[in-house]
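Remarks on the structure that follows.
Number of protein chains: 2
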Amino acid sequence: MYRPEIKIVDCTIRDGGLMNDHRFEKPVVKAVFGALAEAGVDYVELGYKCDKKQYPAKDFGVWKFCDEADLRDVAHECDTKVSVMADVGRVDYDDFLPAKDSIVTLYRVATYAKEIDKAIHLGNHLKGLGYEVAVNIMAVSHVLEPDLDEALAQLAQTNFEFIYLVDSFGYLYCEQIQYLADKYISALPGKTIGIHCHNNQQLGFANTIEAIIRGINMLDSSIYGMGRAAGNCNTELLLGFLKNPKYDIRPVLDVIEAHFVELHKKLKWGYEIPYMIVGNLNKHPRSAMAMVKDGSTQSFREYFDKLVHEDEV
Amino acid sequence: MYRPEIKIVDCTIRDGGLMNDHRFEKPVVKAVFGALAEAGVDYVELGYKCDKKQYPAKDFGVWKFCDEADLRDVAHECDTKVSVMADVGRVDYDDFLPAKDSIVTLYRVATYAKEIDKAIHLGNHLKGLGYEVAVNIMAVSHVLEPDLDEALAQLAQTNFEFIYLVDSFGYLYCEQIQYLADKYISALPGKTIGIHCHNNQQLGFANTIEAIIRGINMLDSSIYGMGRAAGNCNTELLLGFLKNPKYDIRPVLDVIEAHFVELHKKLKWGYEIPYMIVGNLNKHPRSAMAMVKDGSTQSFREYFDKLVHEDEV
Numbered sequence: 001m002y003r004p005e006i007k008i009v010d011c012t013i014r015d016g017g018l019m020n021d022h023r024f025e026k027p028v029v030k031a032v033f034g035a036l037a038e039a040g041v042d043y044v045e046l047g048y049k050c051d052k053k054q055y056p057a058k059d060f061g062v063w064k065f066c067d068e069a070d071l072r073d074v075a076h077e078c079d080t081k082v083s084v085m086a087d088v089g090r091v092d093y094d095d096f097l098p099a100k101d102s103i104v105t106l107y108r109v110a111t112y113a114k115e116i117d118k119a120i121h122l123g124n125h126l127k128g129l130g131y132e133v134a135v136n137i138m139a140v141s142h143v144l145e146p147d148l149d150e151a152l153a154q155l156a157q158t159n160f161e162f163i164y165l166v167d168s169f170g171y172l173y174c175e176q177i178q179y180l181a182d183k184y185i186s187a188l189p190g191k192t193i194g195i196h197c198h199n200n201q202q203l204g205f206a207n208t209i210e211a212i213i214r215g216i217n218m219l220d221s222s223i224y225g226m227g228r229a230a231g232n233c234n235t236e237l238l239l240g241f242l243k244n245p246k247y248d249i250r251p252v253l254d255v256i257e258a259h260f261v262e263l264h265k266k267l268k269w270g271y272e273i274p275y276m277i278v279g280n281l282n283k284h285p286r287s288a289m290a291m292v293k294d295g296s297t298q299s300f301r302e303y304f305d306k307l308v309h310e311d312e313v
Numbered sequence: 314m315y316r317p318e319i320k321i322v323d324c325t326i327r328d329g330g331l332m333n334d335h336r337f338e339k340p341v342v343k344a345v346f347g348a349l350a351e352a353g354v355d356y357v358e359l360g361y362k363c364d365k366k367q368y369p370a371k372d373f374g375v376w377k378f379c380d381e382a383d384l385r386d387v388a389h390e391c392d393t394k395v396s397v398m399a400d401v402g403r404v405d406y407d408d409f410l411p412a413k414d415s416i417v418t419l420y421r422v423a424t425y426a427k428e429i430d431k432a433i434h435l436g437n438h439l440k441g442l443g444y445e446v447a448v449n450i451m452a453v454s455h456v457l458e459p460d461l462d463e464a465l466a467q468l469a470q471t472n473f474e475f476i477y478l479v480d481s482f483g484y485l486y487c488e489q490i491q492y493l494a495d496k497y498i499s500a501l502p503g504k505t506i507g508i509h510c511h512n513n514q515q516l517g518f519a520n521t522i523e524a525i526i527r528g529i530n531m532l533d534s535s536i537y538g539m540g541r542a543a544g545n546c547n548t549e550l551l552l553g554f555l556k557n558p559k560y561d562i563r564p565v566l567d568v569i570e571a572h573f574v575e576l577h578k579k580l581k582w583g584y585e586i587p588y589m590i591v592g593n594l595n596k597h598p599r600s601a602m603a604m605v606k607d608g609s610t611q612s613f614r615e616y617f618d619k620l621v622h623e624d625e626v
C-alpha cells in the first residue's frame, strides 16, 4: 500500500513505558530514535508530559515527564519529529514551552469522550504555543454512540490536525474498525484520522491495515509490539507492509536485535491468555496485568467466568 | 458471527507435531481431544498418515503415523470427529482401513498445485474407503494463477467435500485472502471451502475472520496457536469470536493452562523476527526455523538482505 499521505507514529517508548514505569536508559532511547529516523518513520513518541506535583519524579523514569533537556539528549532535529503525549487532568499547563523553544513538534492529548471539553481546552493551549495537536479518544469501545458523535462534532470545530481512533482494550474486530473509521472520516472533514490498536486478540496489525484501507493515514505502532499488556501493532510489520520507498525496515530489525529481544524477555508484553480474555470481553487490562505479573491462584477459567459475570445486575 | 455452517478443525497435534517430531505424550493428546470435544470443536486433527517405509517409526512420535490403536487411545466416538492428514507421495495406500473400521472420519490430502492429479487419485482412494475427504492446496502464495485455476477446475469435478485455501508461508494480507476466497468459492460450487493460515505476520486470526466474512466455512486453528514456526490461528481466539452457542471457550482455556503454557516455553512456536521476515518475503520457513532453533551468526538485517536478494537473476 503506497499512499504518500500515510504517516507512522512510533510509540514504543511512550506506550512501552507503561511496562517499566518509563525507566528506559537514555542510550536505548537514543538508539530507538536513531533507528526510527533512519527507517523513515515520521514521528517518534518519547513519553508523557506529566505534572510532577501529581506524580513524584523519584517514582518514575524521565519519560513520564519529558523535560526538554532529556528529549534533546536522545533526539535530534531531522525529518523524524518528536511527539509527546499529554493526558487530560495530569498536566500542568505551565510545563509546556513555546513550540519554537522545544524539540517537540506534536502533542497528543489523550482523553476519554466524557472529558472532551477539557481535551479541547488543553489542545487549544498547545495550539496557541505553536504545536501540532492530536486528540486521542481512548477506550472507544466503551463509549455510547451519541456521546462519540458529539465528541467528534466538537472536535470538527477545532483547528487540531489529527484525531485518533483508539482501541485501548484490544476489543475491536475488523468490521467495527471499518464502521468507526468511516464515522471518524465523515465526521471530521479536512482532518487527518489516526489509529491506535492494542494486540490483545492478535489484531493490532490487521486492524491497522483495515484502517488504512478505509482511508486512515496516521498509524501508531511500536517496535516488536512493545506496549502496555498485549502491546501494539508492530512497527516492523507495518514497515514490511507499506510500500512507500521512504521507509526501510532494516534499522528497526537492528534495534530489535540489539535491545528488544532482551527487553521482551524481561518485561513480557505481548499475547497472553489473561490479555486475550480482557480483550475478548472488552475490559480494562488492569486485572490481567496483575495476573500476568504476579501470578494468581485463579485459573484462566475462573478469571474468565468472573469477568463474564461481573457486570450482571 | 453465528453461521450454523461454520466448522472448526483444530490441528494442534498435527501442525504442532512439526515442532516436536510428533512426540506428544498420549495423556496430553487425550486431554486435548477431550477439551476440544467439550468445547464443541467439530474436527480434531491428530497427525499424519505417513508411510513407515519412508519414515522409520523409531525416528518419530506415533502421531506421524496415526495407527488406529493409537488414535483410539486418545479419541472417542462423539460429535467431535477425528481428522488425519495424508501428504501426497508420503503414504502407502494399503495403510488406510475402510472407514467403517476406523475412528477417522476425515482425511485431508495435502498437496502442491503441481501434484493435483496425485492428490485427486489419493482422494478418490479415500472416498472409495468411505471417508470424508478434503484437499489442501499448500503454499498457494507460490502458485501461478492459471495453475491454480486449473487445479480448482479439476477439484470441482471430484466428489470431495472440502477444498482448502492454505497460506503456508503466512504471507497473505486481507485483500489477498478476499481475492482467493472469492476465487475458490466461485470455482467450487457445492463444496465447502476451508482456510488454513500461518501467523508469521500476526495475521492468522485476522485472515481467518476475513475468510469467514467472504463465506468460507471450514476453519483451521490450533490451541495457543501451536504449529510450525510462527504457528496458526489460535483456537481460543476463534472460539471467542464465533457466536455459535455450541462452542465453549472454557475447556480450551483449561487445557492451555494445564499443558500449553509450559509446552510453549519449551517448543517456542509463535512470532519471531526470522518468521516475520520469511512471511513478509513469501519464503519457506525452513531457514528461519534453523535460525530460531540453533541461533545464528547472521544478524536479522543480514538474513533479511540475503533473502531479499537470493532470487535475483
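Protein chains in written order, with our numbering: chain W, 1 to 313; chain H, 314 to 626. Ideal Cβ placement from N, Cα and C applies to all residues, glycine included. Fair warning: this is a prediction, and the values are worked out from it, not measured in the lab.
Amino acids of chain H, ordered along the chain, whose beta-carbon sits closer than 8 Å to that of residue i
i: Tyr173 of chain W; result: Ile522, Phe554
i: Glu314 of chain W; result: Residue 314 of chain W lies beyond the stretch modelled for chain W, which goes from 1 to 313, so this question has no answer here.
i: Ala37 of chain W; result: Those within 8 Å of Ala37 of chain W in chain H number zero; the least Cβ separation is about 16 Å.
i: Phe205 of chain W; result: Gln514, Gln515, Leu516, Ala519
i: Phe304 of chain W; result: Ile562, Arg563, Leu566
Under 7 Å by beta carbon: chain W residues contacting residue i
i: Arg614 of chain H; result: Arg250, Leu253, Asp254
i: Asn557 of chain H; result: Chain W residues near Asn557 of chain H: none, gap ~15 Å exceeds 7 Å.
Chain W residues whose Cβ lies nearer than 9 Å to that of residue i
i: Asp570 of chain H; result: Per the sequence presented here, residue 570 of chain H reads as Glu, with Asp not at that position. Within chain W, the residues near Glu570 of chain H are Ile273, Ser299, Phe300, Arg301.
i: Ala542 of chain H; result: In chain order: nothing, as chain W lies at least about 16 Å away.
i: Ala344 of chain H; result: Result: empty, since nearest Cβ-Cβ is about 14 Å, beyond 9 Å.
Distance between beta carbons of residue j and residue i, contact taken as under 8 Å
i: Pro98 of chain W; j: Leu129 of chain W; result: 5 Å
i: Ala113 of chain W; j: Val88 of chain W; result: Contact doesn't hold; Cβ gap of about 11 Å is too wide.
i: Tyr537 of chain H; j: Gly507 of chain H; result: Contact flag wrong, Cβ pair sits at about 21 Å.
i: Leu172 of chain W; j: Asn207 of chain W; result: 6 Å
i: Trp63 of chain W; j: Leu46 of chain W; result: 6 Å
i: Gly40 of chain W; j: Phe169 of chain W; result: Not a contact, Cβ separation roughly 31 Å.
i: Leu465 of chain H; j: Ala432 of chain H; result: Incorrect: roughly 12 Å between the Cβ atoms, too far for contact.
i: Ala543 of chain H; j: Asn513 of chain H; result: 4 Å
i: Thr393 of chain H; j: Gly436 of chain H; result: Not quite, the Cβ-Cβ distance comes to about 23 Å (not below 8 Å), so this is no contact.
i: Arg90 of chain W; j: Asp51 of chain W; result: 6 Å
i: Ala288 of chain W; j: Tyr271 of chain W; result: About 12 Å separates the two Cβ atoms, so there is no contact after all.
Close beta carbons around residue i, own chain, < 6 Å, minus the five adjacent residues each side
i: Phe300 of chain W; result: Ile273
i: Arg23 of chain W; result: Gly61
i: Tyr444 of chain H; result: Ala412, Tyr420
i: Asp42 of chain W; result: Lys7, Ile8
i: Phe617 of chain H; result: Ile590
i: Asn557 of chain H; result: Tyr315
Per-residue contacts from residue i into chain H (C-beta, under 9 Å)
i: Asn282 of chain W; result: Correct list: empty, because the minimum Cβ distance to chain H is about 11 Å.
i: Gln176 of chain W; result: Simply none; closest approach about 11 Å.
Own chain partners of residue i with C-beta closer than 8 Å, once the 5 adjacent residues on each side are dropped
i: Leu219 of chain W; result: Ile6, Lys7, Ile8, Val9, Gly194, Ile195, Thr208, Ala211, Ile212, Cys233, Leu238
i: Asp248 of chain W; result: Glu38, Ala39, Gly40, Leu239
i: Ile185 of chain W; result: Ile193, Arg214, Gly215, Ile216
i: Met226 of chain W; result: Thr12, Asp15, Gly16, Met19, Asn232, Phe260, Leu263, His264, Leu267, Trp269
i: Leu566 of chain H; result: Glu549
i: Met138 of chain W; result: Ala110, Thr111, Tyr112, Val166, Ser168
i: Asp294 of chain W; result: none
Cβ shell of residue i (< 7 Å), same chain only, five flanking positions each side left out
i: Tyr633 of chain H; result: Residue 633 of chain H lies beyond the residue range present for chain H, which begins at 314 and ends at 626; the question has no answer from this structure.
i: Ala370 of chain H; result: Phe378
i: Lys246 of chain W; result: Gly40
Q) Which residue spans inside the segment 8 to 60 of chain W form an unbroken alpha helix (DSSP H) run of at least 4? A) 12 to 16, 26 to 39
Q: State whether the segment 247 to 261 of chain W contacts the segment 18 to 33 of chain W, with contact taken as three or more CB pairs (one from each stretch) at a distance under 8 Å.
A: yes
Q: Taking only runs that begin and end inside the segment 92 to 164 of chain W, name each unbroken beta strand (DSSP E) of 3 or more residues, in chain order.
A: 104 to 111, 132 to 137
Q.
Can you confirm whether the segment 486 to 498 of chain H touches the segment 514 to 534 of chain H when touching is taken to mean that 3 or more C-beta pairs between the two stretches lie within less than 8 Å?
A. yes
Q. In the segment 473 to 547 of chain H, which residue ranges form an unbroken beta strand (DSSP E) of at least 3 residues, counting only runs that do not cross its ends?
A. 475 to 480, 505 to 510, 531 to 534
Q | Minimum length 4: unbroken alpha helix (DSSP H) runs contained in the segment 240 to 276 of chain W | A | 250 to 255, 261 to 267
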